[in-house]
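Residue numbers (the numbering used here), protein chains in the order written: chain C, 52 to 266; chain B, 1464 to 1473. Heads up, the beta-carbon is just placed ideally off N, CA and C, and yes, glycines get one too. All figures in this text were calculated on a predicted structure; none of them were measured in a lab. Below is one structure; the comments refer to it alone.
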Amino acid sequence: MNIFRLAGDMTHLASVLVLLLKIHTIKSCAGVSLKTQELYALVFATRYLDIFTDFISVYNTVMKLIFLGSSFSIVWYIRRHKIVRRSYDKEQDTFRHYFLVLPCLLLALLIHEKFTVKELLWTFSIYLEAVAILPQLVLLQRTRNIDNLTGQYVFLLGAYRSLYILNWIYRYFTERHFVHWITWIAGLVQTLLYADFFYYYFESWKNNVKLQLPA
Amino acid sequence: EEDLERKDEL
């Protein structure tokens, strides 16, 4: 494992912890998109089916369990926790799941490496992960007032995706290893979705003002 | 053949 991959995993882990910490300690999920969290839960549930069939390493299994556990507990908090659920802004978080899930399903059926159930679910999860942040980005743009923790959560997620790209580039030059083009394109699309957010995040950081996205 | 590196990525 190279440094970019490890840093990517760590920022991913940090993003999830920041979000759980916010929800658990402040008992608020204001500004957090339940739609995005449900999509991530679906992404991990379809991608990590291999924990039952393959063993890669303790690190790999532990990380998969953390991402599965955290995404489902965040969904549980927002839907079921008697205090947290009150802070959920349903009126603003209106993005439709099927608008993203159906095209990804269709794309996975059309473009994949192998036509097996496990492979199709993996490909579907790659496509869905690329766009799962969209409801969260739309919500941020609508609410305007972004609290620090939500801003950091999205920033860390974007950093994780950028580091994965660097990891693939590094592996290409050091190991001559080609990541499959499906992974490449989905990864690039996903990273580009954060470009706009990154711009405003750095601007607010540079000028030391509160993060606000333009309407 | 299986791509072990791909399987390792999260």
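Could you give the distance in angstroms between the alpha-carbon of residue 54(C) and the alpha-carbon of residue 206(C)? Residue numbering aside, residue 54(C) sits at position 3 when the first sequence is read from its first letter. Residue numbering aside, residue 206(C) sits at position 155 when the first sequence is read from its first letter. One C-alpha to the other measures close to 19 Å.
Got a sec? Which residues, its chain only, sit under 6 Å from residue 158(C) by beta carbon, not counting five neighbours each side? Within the first sequence, residue 158(C) is the residue found at index 107, counting from 1. For residue 158(C), where only same-chain residues beyond five positions count, the Cβ hits under 6 Å are 178.
Residue 118(C) versus chain B: which residues are under 8 Å apart at the beta carbon? One-based indexing of the first sequence puts residue 118(C) at position 67. By Cβ distance, chain B contributes 1473.
Spatial neighbours of residue 92(C) within its chain, please: C-beta separation below 6 Å, excluding the five flanking residues on both sides. Sequence index remark: in the first sequence, residue 92(C) carries index 41 (1-based). Cβ contact annotation for residue 92(C) (same chain, cutoff 6 Å, sequence separation greater than five): 122, 123, 126, in chain order.
Could you tell me how far apart the beta carbons of residue 248(C) and residue 188(C) are, in whole angstroms, since I believe they sit closer than 8 Å? Taking the first residue of the first sequence as position 1, residue 248(C) is located at position 197. Taking the first residue of the first sequence as position 1, residue 188(C) is located at position 137. Indeed they touch by this definition, with Cβ atoms about 6 Å apart.
Closer than 8 Å by C-beta to residue 135(C): which residues in its own chain qualify, once you throw out the five before and the five after it? Chain order, please. If you number the first sequence from 1, residue 135(C) lands on position 84. The beta carbon of residue 135(C) is closer than 8 Å to those of 74, 78, 79, 80, 128, 129 in its chain, skipping five residues each way along the sequence.
Chain-ordered residues of the segment 231-253 of chain C with a beta carbon less than 8 Å from chain B: 231, 234
Helix, strand or coil at residue 1471(B) according to DSSP, with G and I counted as helix: Reading the second sequence from its first residue, position 8 is the one you call residue 1471(B). Helix, per DSSP.
If you measure from the beta carbon of residue 140(C) to each beta carbon in chain B, is any gap under 8 Å? Taking the first residue of the first sequence as 1, we reach residue 140(C) at position 89. Not one chain B Cβ lies under 8 Å of residue 140(C).
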